[in-house]
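Trainee: Just dropping this structure here.
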Amino acid sequence: MGVPIAVVMSGEYDEIRPRQYTPPQRLWTASPDGVHRARHALASQLAAWGMSALADDAGLVLSELMTNAQRHGRVPGRDIGTSFLRTEQGVILEVHDARDERPVLTKAADTDERGRGLAIIDAITGGRWGVTDREGPGKVVWAAVLAPADVLPNEVDPSGSAPAS
Ligand SMILES: Nc1ncnc2c1ncn2[C@@H]1O[C@H](COP(=O)(O)OP(=O)(O)O)[C@@H](O)[C@H]1O
Ligand SMILES: [Mg+2]
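In the working numbering, the protein residues as written are 724 to 888.
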C-alpha cells in the first residue's frame, strides 16, 4: 500500500502524477458523441471499481478535458485518447491530444461564457491536475478525482472486483 492519496496536498502531487507516458487505453472521435460515450464508459468503470460516488465529479472533469482536447487540441484526422487510472482513493483521468500547445488556467470575467473549464477542473480536483509530455506530438492532460476517506467506505475493494449487492 502506498501513501494515502487523499492527503497529498497541492504542489506535492508527485505521488499521484502519472510519471511516464503510456498510450491511451481508448480512442474517441473528436465529437460531442465521443464525449458522451467516454462519459458512459467512465461511469461503468467507476461502478465496477465501487467508486460510483465519484461519477458526477469525474464525469464533469472528463467532459471539460475532452471538450478542450477537441476545441483546442484537435489535429484533423487524429482521435482523442483517454485512460482511466485507478488509485486507492479515486481515479486519474488522462486525455491525450495531438497538439503541442498547453492548457492555461485563466480567470474568466463574470460575463465570459468561455474560459471556465480549467477553473472547474482545478476546483473539483483541488489543484491535482497537470500536463505531461507524450511520445510524438501532443500532450496528456490529466486530473485526479479523489474522494475523502469517508466517502468510499469499504466500497473500494483492493482485489478490483465490483462490490457485492
Ligand atoms: N487540450 C488543450 N490544448 C491546447 N490548449 C488548451 C487545451 N485545453 C485548454 N487549452 C487552453 O486553455 C484555455 C483555457 O481552457 P478552459 O478554461 O477550458 O476555457 P475554454 O475551453 O472555454 O477556452 C483555452 O482557451 C485554451 O487556450
Ligand atoms: Mg474548455
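Ideal Cβ positions, reconstructed from N, Cα and C, are used throughout, including at glycine.
Expressed to the nearest angstrom, what Euclidean distance is found between the alpha-carbon atoms of Val863 and Ile815?
Mentor: Taking the straight line joining both Cα atoms gives about 12 angstroms.
Trainee: Relative to ligand 2, is the shortest distance from any of its heavy atoms to the C-beta of Thr692 smaller than 7 angstroms?
Mentor: Outside the displayed range of the chain (724 to 888) lies residue 692, so it cannot be described from this structure.
Trainee: Would you mind sorting Asp820 into buried or exposed? The rule is 16 or more other CB atoms within 10 Å of its CB.
Mentor: Result: buried.
Trainee: Got a sec: does ligand 2 put a non-hydrogen atom nearer than 7 angstroms to the Cβ of Glu787?
Mentor: Checking every heavy atom of ligand 2 against the Cβ of Glu787, one is found closer than 7 angstroms.
Trainee: Count the other CB atoms, across all protein chains shown, that sit within 10 Å of the CB of Asp823; report buried if there are 16 or more and exposed otherwise.
Mentor: The residue is exposed, with fewer than 16 neighbouring Cβ atoms inside 10 Å.
Trainee: For a quick check, are the C-beta atoms of Ile844 and Ala866 less than 8 angstroms apart?
Mentor: It is a contact, given that the beta carbons lie within the stated cut-off.
Trainee: DSSP state of Ala761, grouped into three classes?
Mentor: In this structure, Ala761 counts as helix in the three-state DSSP scheme.
Trainee: With DSSP collapsed to three states, give me the class of Thr745.
Mentor: The answer is coil: DSSP assigns Thr745 none of H, G, I, E or B.
Trainee: For ligand 2, list every residue whose C-beta falls under 5 angstroms from any of its heavy atoms, going in chain order.
Mentor: Taken from the N-terminal end onward, the list reads Asn791, Gly840.
Trainee: Checking the sheet assignment: what are the DSSP bridge partners for Gly853?
Mentor: Note: Gly853 sits in a beta bridge opposite Trp865.
Trainee: Within its chain, find whatever has a CB closer than 6 angstroms to the CB of Ala753; leave out the 5 residues flanking it on each side and keep chain order.
Mentor: Here the set comprises Gln793, Arg797, Ile803.
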